[in-house]
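Numbering (this note's numbering), first residue to last: 78 to 401.
Notes to accompany the following structure.
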């Protein structure tokens, strides 16, 4: 029996209120509602007795789930450190107050531009003014509660079209009062030969937008400017590796150190796979977590990942290649 990991990621919602250009959710065929049942959620949590960290994130927007904050409270009551990624579109004053009081440890809000035009062209259906208003609601609610938690950070998915706005975004984030800005590259180029055809437009978007094909000097200049601003205003800034590192040996520890489940209970090798029609280890709600974790599919995937011929789906992954 292989020890279960202490880190788990669960997708509470399988659909979204936005159509983000780099996200598979807009190409899914699942018809709403695509919510994980609350009993299924608690069943998964209860199968991980040593869980320390839970990330509530997948392809959907977690705050769409009518019991999302109940999920947070359930996990937090067990001493689990809970984090969430959100597009910030659904934060009302009441939800902001309840989020701060829920026991949530980390909240990561996704904003990928310093101007409405850039941001709204990436996250189709979003409104820059509304999202930044909702962010301020969270920050105000945390201040009013006299609480240090959750840590509120912003995630900026870096692309060629928003690269130049990064320094201005860091300046904005400092003015809003967030704790941290995490900048990340596009996670995957979806280049495997088995990619379902309906994801091809997303593959084309990633190929066009990845900064790994951008002029390194331009990227370095933008990163340097962003770092200078972060140092001046006193905000924590995390930048990705902007170039393919041919000297680094590729590798990944996800299938040993973390478990990832879709809203239907499908287990996947990691969060970068994102959707079970690309790779699935089986359904944990039907088969049980420990049985899957010890099973043939996980074992074969781990063996391949450690070999000189890793699974094709991993070969162009940003985590596997150290560029995330």
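Backbone N, C-alpha and C fix where the C-beta goes; we use that ideal spot for every residue, glycine too.
Where residue i falls: helix, strand or coil (DSSP)
i: residue 398; result: coil
i: residue 197; result: helix
i: residue 427; result: With the chain covering 78 to 401 only, the question about residue 427 has no answer from this structure.
i: residue 93; result: coil
i: residue 80; result: coil
i: residue 383; result: helix
i: residue 132; result: strand
i: residue 234; result: strand
i: residue 351; result: coil
i: residue 328; result: coil
i: residue 313; result: strand
i: residue 300; result: helix
i: residue 345; result: strand
i: residue 340; result: coil
i: residue 228; result: strand
i: residue 154; result: helix
i: residue 288; result: helix
i: residue 165; result: coil
Beta-carbon separation (whole angstroms), residue i vs residue j, contact threshold 8 Å
i: residue 89; j: residue 128; result: The Cβ separation is near 16 Å, so there is no contact.
i: residue 260; j: residue 315; result: 6 Å
i: residue 240; j: residue 299; result: 6 Å
i: residue 238; j: residue 195; result: 7 Å
i: residue 189; j: residue 151; result: No, residue 189 and residue 151 are not in contact; Cβ-Cβ is about 31 Å, not under 8 Å.
i: residue 398; j: residue 327; result: 5 Å
i: residue 390; j: residue 281; result: Actually they are not in contact, since the Cβ atoms of residue 390 and residue 281 sit about 18 Å apart, beyond 8 Å.
i: residue 172; j: residue 140; result: 7 Å
i: residue 157; j: residue 215; result: The Cβ separation is near 21 Å, so there is no contact.
Residue i vs residue j beta-carbon contact at 8 Å
i: residue 207; j: residue 257; result: no
i: residue 186; j: residue 249; result: no
i: residue 181; j: residue 159; result: yes
i: residue 319; j: residue 283; result: no
i: residue 174; j: residue 225; result: no
i: residue 334; j: residue 82; result: yes
i: residue 358; j: residue 374; result: yes
i: residue 286; j: residue 236; result: yes
i: residue 115; j: residue 144; result: yes
Residue environment, residue i, which counts as buried when at least 16 other CB atoms sit within 10 Å
i: residue 21; result: Residue 21 is absent from the model: the chain starts at 78 and stops at 401.
i: residue 345; result: buried
i: residue 377; result: exposed
i: residue 142; result: buried
i: residue 79; result: exposed
i: residue 355; result: buried
i: residue 310; result: exposed
i: residue 384; result: exposed
i: residue 179; result: buried
i: residue 307; result: buried
Other residues of its chain near residue i: CB distance less than 6 Å, five sequence neighbours each side excluded
i: residue 349; result: 264, 265, 394, 396
i: residue 97; result: 200
i: residue 227; result: 181, 182, 183, 184
i: residue 365; result: none
i: residue 164; result: 95, 138, 187
i: residue 125; result: 81, 85
Own chain partners of residue i with C-beta closer than 7 Å, once the 5 adjacent residues on each side are dropped
i: residue 302; result: 244
i: residue 388; result: 378, 381, 382
i: residue 101; result: 136, 276, 279, 351, 352
i: residue 213; result: 253
i: residue 304; result: 314
i: residue 205; result: 193, 196, 197
Proximal residues to residue i (C-beta, below 8 Å), its chain only, five neighbours per side dropped
i: residue 121; result: 85, 87, 338, 342, 361, 362, 366
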